[in-house]
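So for the sequence shown, our numbering puts the first residue at -4; every next one is plus one. The C-beta atom is built at its ideal place from N, Cα and C for all residues, glycine as well. Since we're looking at a predicted model, the values are computed, not measured.
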Amino acid sequence: MNLPNKLTIFRIILVPIMVIIPILNIKGECLGIPITFLLIDLIFIIASITDKLDGYIARSRNQVTTFGKFLDPIADKILVISAMIMLVELGRLPAWIPIIILFREFVISGYRLVATSKGGKVIAASVWGKLKTVTQMVAVIAAYFNVGKLFECFYGNLGGLNFVMNLIESTMMIICVFATCFSGWDYLKNDKNMILKEK
């Protein structure tokens, strides 16, 4: 197994570690932010870095494999959705945001399966898909680095670092939702006839 694939597997292993942290009920704060949130954020940032690193290494060393093509996008989705569901459980994020993202991922995954079965067509990520990924990761990092709920910067009493991080989170989440919808539509509209064909 090459290094990019090992990094992808490492990213998946980090997810259950990230999920377990709130259960440990670690006490204490740093800069007014619970240590638990900062640890979750640290793991998420490390995992996000491996996402960029494994792709770069695979391309630069010509180590792109079928296993990597299959597992890498799955690892990304597991990481982001897990972090967002944890935010929902903490009362920091409305459930409709990860629901929209999950809906889009299920639809596009099914679409890719159909495309593969009808000639093995490879569907490249659009600019909307890349924007979706970047804004999701930035939004999640900012979300765990402040104590406010989503959009609280617009009507709450947040100040200082919490205000800045909440503003970044809220802005990135809005962009993320639009990019998620547009990227899904962009996939479907280009080859909608492929789905309608009976054979």
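Check: Under the three-state reduction of DSSP, which class applies to P11: helix, strand or coil?
Finding: Here DSSP, grouped into helix, strand and coil, assigns P11 to helix.
Checklist line | Boundaries of the alpha helix (DSSP H) in which L88 is found, first to last residue | finding: Where L88 is concerned, there is no enclosing alpha helix (DSSP H), given that its DSSP letter is neither H nor E.
Notebook entry, point to check: If V59 and M132 are in contact, beta carbons under 8 Å, what's the gap, nearest whole angstrom?
Noted result: In fact, because the Cβ distance is near 22 Å, the residues do not count as touching under 8 Å.
Next item on the list: Output the boundary residues of the alpha helix (DSSP H) element that contains R54.
Entry: Unbroken alpha helix (DSSP H) run through R54: I30 to S55.
Notebook entry, point to check: Taking just the CA atoms, how far does N(-3) sit from F149?
Noted result: Looking at the backbone, the Cα of F149 and that of N(-3) are separated by about 47 Å.
Margin query: Tell me the rounded alpha-carbon separation between P(-1) and T128.
Written below: Cα to Cα, P(-1) sits roughly 19 Å from T128.
Note to self: Is it the case that the segment 33 to 51 contacts the segment 0 to 8, given that we only count it when at least three CB pairs across the two stretches are under 8 Å?
What the structure shows: They touch, by the three-pair rule.
Notebook entry, point to check: So which of T61, L126 and M79 has the shortest CA-CA distance to A174?
Noted result: Answer by Cα proximity: L126.
Next item on the list: Could you tell me how far apart the beta carbons of I35 and Y182 are, in whole angstroms, since I believe they sit closer than 8 Å?
Entry: Contact between I35 and Y182 fails: their C-beta atoms lie close to 31 Å from each other, not under 8 Å.
Margin query: Using only CA atoms, which one of E147, F39, L156 and F98 lies nearest to V172?
Written below: Nearest C-alpha to V172: F98.
Item checked: Per DSSP, the bridge partner or partners of E84 -> Bridge pairing for E84: absent [DSSP].
Notebook entry, point to check: According to the neighbour-count rule (16 or more other Cβ atoms, all chains shown, within 10 Å of its Cβ), is L82 buried or exposed?
Noted result: Around the beta carbon of L82, a 10 Å sphere encloses 16 or more other beta carbons of the protein chains shown; the residue is thus reported as buried.
Check: Starting from K125 and walking both ways along the alpha helix (DSSP H), at which residues does that stretch end?
Finding: Run containing K125: V122 to A138, per the alpha helix (DSSP H) assignment.
Check: Of the choices F62, I21, G50 and V14, whose alpha-carbon is the least far from that of F39?
Finding: Out of F62, I21, G50 and V14, V14 has the C-alpha closest to the C-alpha of F39.
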